[in-house]
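Report on one structure; see the data block that follows.
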Amino acid sequence: MNKIRYFVEKQAFGVCTRLGEMMNISASSIRLYFIYTSFLTLGSPVIIYLILAFWMEMNKHLRRHAHPTIWDF
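Its first residue numbered 1, the sequence shown is counted upward by one per residue in full-length UniProt numbering.
Structure (structure tokens):
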């Protein structure tokens, strides 16, 4: 079970974890709410999740270009 949890947390963009850190809520409760709302609304929160994942990746790339390391030169 821990292998599955680790895979989901690391491979699923970390959106729920990041939201939990920002709002001081546990990431597991955010995941549960996401799953429940996905079932109730027939998957429409998946679009919001993908938009948030894209936004987080873009922020990571923008921060990397703002503060390049020695290996980027």
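Yeah, the Cβ is synthetic: ideal placement off N, Cα and C, and Gly gets one too.
Worksheet item: Under a three-way DSSP split, which group does Ala12 fall into?
Response: Translated into the one-based positions of the sequence shown, residue 12 becomes position 12. Three-state DSSP puts Ala12 in coil, outside helix and strand.
Worksheet item: According to the neighbour-count rule (16 or more other Cβ atoms, all chains shown, within 10 Å of its Cβ), is Arg64 buried or exposed?
Response: On the sequence shown, position 64 is the one that residue 64 refers to. It is exposed - the Cβ of Arg64 has fewer than 16 other Cβ atoms within 10 Å.
Item to complete: Check each candidate in Phe7, Ile4, Tyr6, Phe13 and name the one with the smallest Cα separation from Met56.
Response: As a position in the sequence shown, residue 56 is number 56, starting the count at 1. Checked all of Phe7, Ile4, Tyr6, Phe13; the closest Cα to Met56 is Phe13.
Worksheet item: Taking just the CA atoms, how far does Ser38 sit from Ile48?
Response: The residue given as residue 48 occupies position 48 in the sequence shown. The residue given as residue 38 occupies position 38 in the sequence shown. Each residue's Cα considered, the two are about 11 Å apart.
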